[in-house]
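Encoded as structure tokens, the structure appears first; notes follow it.
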DNA sequence: TACTTCGCTGCAAAGGTTTGCAGAGAGATC
DNA sequence: GATCTCTCTGCAAACCTTTGCAGCGAAGTA
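Here's what the structure looks like:
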């Protein structure tokens, strides 16, 4: 039933190799022959079998995209950007969801390994050593995790968290809670580290609550704790948790931002739709998706090939592109943050508005600066 | 570099066919030999090349999932359910996003065709005839579209729309607007048809606005039109549009539900987080994902194989599983609907509460009934 | 002992494609 | 007219598996 290269060859009276070349190296075949072959192929509805092609070329023209949780609105912009970027380079993207499960991640990398030319690992939950081990099986680009010796795309959430804490301190908050993210998250550690340092500098006290699942429910479940902690401001690991917290506080009758200020991270589109609108640290997710694809495909020719073209012993040293890209974040101030109990009074250290890239939100949504290679 | 079956054979001193059988038919090989081979394979880090296997067996153990828009929160539950169901049957799911673009859909089906055993086509935007044509290339299950002769998973949005209109009419609304969905959407047509009929029965007038992009912005952009239309209630194609409309009305100073009632469709998790909370028609998305996978894999053995095992001429008649499943929907009443201008006055036809499956929302979220094969 | 049965293993073809190499013509150059 | 160059095409091996068939030795049966 499925029409193969052989059928086309028979129909157009040429050898299969000529048909093959008609598609993969058209300049090598006589224009007349070419049109004839193409006509026959069209007629018969022939489509090259990419799997068979991959078997010999070692190139599938697919890339895998492993995502911690598709339901998290943080990811779709990244996915779409990656897909669009890949499409331009004639690659297809296969997305897979791991449900925040480290074991599922490993399993998926293995399953994808032979079917794609490389894998984008987004917000991985597994251990560094496992990632390194897997990177020997298939080219990997890691997003939202820093690993020496592996290409990484990072977002400067440290700077973002710092800006957020400075913003809160500037508003007169001295007791601040941090809603931590999931275990195994590099971003969560980064935020915690930077927020802790910024709080110390600003003379504020930071209470860490967590780890928590990075979902609305994770935030909602901590509302009671937040109230009990007696803080006047909260920085959440991500917008989803911040939104859940908004809900939870509302249910407890706690007014935001009058009684408690809330800051999220990510600037998902939803954060403009809550009441109050969420103050948040915008992360350049689309840029991250594009960049990750670029880094993976950067050296098309460097990608390992199983086919005989890349002769054994030619390049024994495995590809080790260690470029790491850090993308900038930006604090977007909306309505969920307001004056704290110490507003107006003098505070130890720090000015009212820190040096971070703050911005009062404009209606059109944030324009996020991106770029900045920090190492390579 | 990549270790093949041959390396394992060499290392364990057996023929490659024995190694192959160790993995794909363990009962055929001597236990002693088996452990030796497995040990060598483990040692060398051997992983069967699924692509090569697929070349001969005709089975990739992958299924493709084509989605109109990953950013639409309607889809993630469906994706996750499909993935989980597939995993249980030792299948992997490759998700791809089409950006609501019919051309991208076709392109993706072609790209996936030879790399998966079947494709789930969710909310397709392309024409029926094209879908039928593509279904000859690869087994297809269609979600959210009815096509004779193809397996379909449908949600009874007609019933949902009817319930919504009856609910609104029961509250005393007689001028109702319908925010249509995207062109090419079966669901949109279905809603429009059923809502029109229900409005006629209830003695209400239905104004159709659209088609619109099925996004927040699509709803937001229609806020002005809604106000100008002078209606007291709106049924939107989906929750995202309803939420956008909520925003738009808020910006125009129109109070919901005091001045205008709003009903959405889908019951995405977000609809519980808006202010006011959204009244909506819950659709069984997870059930749809599970069902679609089941239908595709139902007859593992029926799937066409390119390998020689399925000899030519044995089953010439292509598989034509025409089972169609209709899943039930349910109206979930929250806070975005309230009494209309004719509340309390007598209305032509219909009782205050129609016969549809209405339910006052409970905090735990909806339990949706599913099932009901309507044809096969 | 001769024969069958059974469990295990090896052989080789097949699946659809790519690609290095060689060969066949045609045209150009001297 | 001989030689060279160049363009195009065919040949066949290779990629990594699976699987029908056949063979081999051991155990069981008569």
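Residue numbers (full-length UniProt numbering), protein chains in the order written: chain W, 1 to 376; chain F, 1 to 376. Virtual Cβ for every residue (Gly too), placed ideally from N, Cα, C. A quick note: this is a predicted structure, and the numbers were derived from the prediction, not measured.
*If you drop the 5 nearest sequence neighbours on each side, which residues of the same chain put their C-beta closer than 7 Å to that of residue 28 of chain F?*
As a working note, residue 28 of chain F is residue 28 in the second chain. These residues qualify, in order along the chain: 21.
*To the nearest angstrom, report how far apart residue 78 of chain W and residue 30 of chain F are at their CA atoms.*
For the purposes of this step, residue 78 of chain W is identified with residue 78 of the first chain, where counting begins at 1. For the purposes of this step, residue 30 of chain F is identified with residue 30 of the second chain, where counting begins at 1. Taking the straight line joining both Cα atoms gives about 50 Å.
_So within the segment 50 to 122 of chain F, which uninterrupted beta strand (DSSP E) runs reach at least 3 residues, ignoring any that extend past its ends?_
62 to 67, 92 to 97 and 119 to 122
*In chain W, which residues lie less than 8 Å from residue 165 of chain F when you measure between Cβ atoms?*
For the purposes of this step, residue 165 of chain F is identified with residue 165 of the second chain, where counting begins at 1. Per Cβ cutoff of 8 Å: no residues; residue 165 of chain F is ~26 Å from chain W at best.
*Taking Cβ positions, are residue 267 of chain F and residue 287 of chain F nearer each other than 8 Å?*
For the purposes of this step, residue 267 of chain F is taken as residue 267 along the second chain, with counting starting at 1. For the purposes of this step, residue 287 of chain F is taken as residue 287 along the second chain, with counting starting at 1. Taking 8 Å as the Cβ cut-off, residue 267 of chain F and residue 287 of chain F do not qualify as a contacting pair.
_residue 131 of chain W: first and last residue of the uninterrupted alpha helix (DSSP H) it sits in_ = As a working mapping, residue 131 of chain W is identified with position 131 in the first chain. That run of the alpha helix (DSSP H) goes 128 to 134.
*chain F partners of residue 97 of chain W, CB-CB under 7 Å?*
One-based indexing of the first chain puts residue 97 of chain W at position 97. What residue 97 of chain W touches in chain F: 79, 80 and 83.
_Separation of residue 188 of chain W from residue 189 of chain F, as counted between CA atoms_ = Taking the first residue of the second chain as position 1, residue 189 of chain F is located at position 189. Taking the first residue of the first chain as position 1, residue 188 of chain W is located at position 188. Residue 189 of chain F and residue 188 of chain W: Cα-Cα distance of roughly 45 Å.
*asked:* So, at 6 Å on beta carbons, what are the nonlocal neighbours of residue 151 of chain F in its own chain, with the 5 sequence-adjacent residues on each side left out?
replied: Mapped onto the second chain, residue 151 of chain F falls at position 151. Answer for residue 151 of chain F: 141, 295, 321 and 323, listed in chain order.
*So the alpha helix (DSSP H) residue 246 of chain W belongs to, where does it begin and stop?*
Position 246 of the first chain, counted from the start, is the residue given in the question as residue 246 of chain W. Residues 239 to 252.
*Count the other CB atoms within 10 Å of the CB of residue 311 of chain F; is the residue buried (16 or more) or exposed (fewer)?*
Position 311 of the second chain, counted from the start, is the residue given in the question as residue 311 of chain F. Residue confidence is low: residue 311 of chain F scores 33 on pLDDT, short of 50, so the model does not pin down where it sits. Its coordinate-derived value is still stated next. So residue 311 of chain F counts as exposed.
*Compare the C-alpha of residue 10 of chain W against each of W:44, W:92, W:25 and W:83 and name the closest.*
Counting from one through the first chain, the residue named residue 10 of chain W turns up at place 10. Taking only the C-alpha atoms, the option nearest residue 10 of chain W is W:44.
*Proximity test, Cβ basis, 8 Å: residue 277 of chain F and chain W*: The count along the second chain starts at 1 and reaches residue 277 of chain F at position 277. Not one chain W Cβ lies under 8 Å of residue 277 of chain F.
*Could you confirm whether any beta carbon from chain F is found closer than 8 Å to the beta carbon of residue 76 of chain W?*
Here residue 76 of chain W corresponds to residue number 76 of the first chain, with the count starting at 1. Chain F, which has a Cβ nearer than 8 Å to the Cβ of residue 76 of chain W, makes this yes.
_Shorter than 7 Å, the distance from the beta carbon of residue 109 of chain F to the closest heavy atom of the ligand GTP, or not?_
Ligands displayed in this structure: none; no statement on the ligand GTP is therefore possible.
*For chain W, find out if any of its Cβ atoms is closer than 8 Å to the Cβ of residue 68 of chain F; answer yes or no.*
Within the second chain, numbered from 1, the residue matching residue 68 of chain F stands at position 68. Judged by the 8 Å Cβ criterion, residue 68 of chain F is not in contact with chain W.
*Does the beta-carbon of residue 341 of chain F have 16 or more other beta-carbons within 10 angstroms, so that it is buried, or is it exposed?*
In the second chain, counting from the first residue as 1, residue 341 of chain F sits at position 341. Exposed, because fewer than 16 other Cβ atoms sit within 10 Å of the Cβ of residue 341 of chain F.
*Once you ignore the five residues that flank residue 158 of chain W on each side, which residues in its own chain have a CB closer than 8 Å to its CB?*
Residue 158 of chain W sits at position 158 when you count from the first residue of the first chain. Same-chain partners within the cutoff: 190, 191, 193 and 194.
*Is residue 252 of chain W buried or exposed, if buried means 16 or more other CB atoms sit within 10 Å of its CB?*
Indexing the first chain from 1 puts residue 252 of chain W at position 252. Result: exposed.
*Beta-carbon neighbours of residue 131 of chain W, restricted to chain F and to distances below 9 Å*: Translated into positions along the first chain, residue 131 of chain W becomes position 131. The contacting residues do not exist; residue 131 of chain W stays about 16 Å from chain F at best.
*If you follow the beta strand (DSSP E) that residue 335 of chain F is part of, which residue opens it and which one closes it?*
The residue given as residue 335 of chain F occupies position 335 in the second chain. Where residue 335 of chain F is concerned, there is no enclosing beta strand (DSSP E), given that its DSSP letter is neither H nor E.
*May I ask you to report which of helix, strand or coil DSSP gives residue 172 of chain W?*
Position 172 of the first chain holds residue 172 of chain W. If DSSP states are grouped into helix, strand and coil, residue 172 of chain W belongs with coil.
*Take every Cβ of the segment 130 to 140 of chain W, pair it with every Cβ of the segment 223 to 231 of chain W, and state whether three or more of those distances are shorter than 8 Å.*
no
*Could you tell me the boundaries of the beta strand (DSSP E) in which residue 264 of chain F lies?*
Position 264 of the second chain, counted from the first residue, corresponds to residue 264 of chain F. Element bounds for residue 264 of chain F: 261 to 266.
_Residue of F:66, F:148, F:120 and F:231 minimising C-alpha distance to residue 128 of chain F_ = Looking up residue 128 of chain F in the second chain gives position 128. Ranking the options by Cα distance to residue 128 of chain F, first place goes to F:148.
*Exposed or buried, what is residue 182 of chain W when buried is set at 16 or more other beta-carbons lying within 10 Å of its beta-carbon?*
Residue mapping note: residue 182 of chain W aligns to position 182 of the first chain, counting from 1. So residue 182 of chain W ends up on the buried side.
*asked:* According to DSSP, is residue 255 of chain W part of a helix, a strand, or is it coil?
replied: Counted from its first residue, the first chain places residue 255 of chain W at position 255. Correct three-state label for residue 255 of chain W: coil.
*Residues that residue 280 of chain W bridges to, as DSSP identifies them*: Indexing the first chain from 1 puts residue 280 of chain W at position 280. W:264 and W:332.
*In its own chain, which residues sit with a C-beta less than 7 Å from the C-beta of residue 378 of chain F, not counting the 5 before and 5 after it?*
Here chain F covers residues 1 to 376 and nothing more, so residue 378 of chain F does not appear.
*asked:* Is the separation between the beta-carbon of residue 235 of chain F and that of residue 164 of chain F shorter than 8 Å?
replied: Translated into positions along the second chain, residue 235 of chain F becomes position 235. Translated into positions along the second chain, residue 164 of chain F becomes position 164. Yes, these two residues count as a Cβ contact at 8 Å.
*Quick one: grab the DSSP three-state call for residue 19 of chain F.*
The residue given as residue 19 of chain F occupies position 19 in the second chain. Correct three-state label for residue 19 of chain F: helix.
_chain W contacts from the UniProt domain "HTH lacI-type" (3 to 57) of chain F (Cβ-Cβ distance under 7 Å)_ = 47, 49, 50, 51, 52, 54 and 55
*Would you say residue 92 of chain W reaches chain F, if we count a Cβ-Cβ gap shorter than 8 Å as a contact?*
Position 92 of the first chain holds residue 92 of chain W. It does: the Cβ of residue 92 of chain W has a partner Cβ on chain F nearer than 8 Å.
*Determine the DSSP secondary structure at residue 5 of chain W, reduced to helix, strand or coil.*
Stepping through the first chain from its first residue, residue 5 of chain W is reached at position 5. Helix at residue 5 of chain W.
_According to DSSP, simplified to helix, strand and coil, what is residue 205 of chain W?_
As a position in the first chain, residue 205 of chain W is number 205, starting the count at 1. If DSSP states are grouped into helix, strand and coil, residue 205 of chain W belongs with the strands.
*DSSP state of residue 11 of chain F, grouped into three classes?*
Mapped onto the second chain, residue 11 of chain F falls at position 11. Here residue 11 of chain F sits in helix by DSSP.
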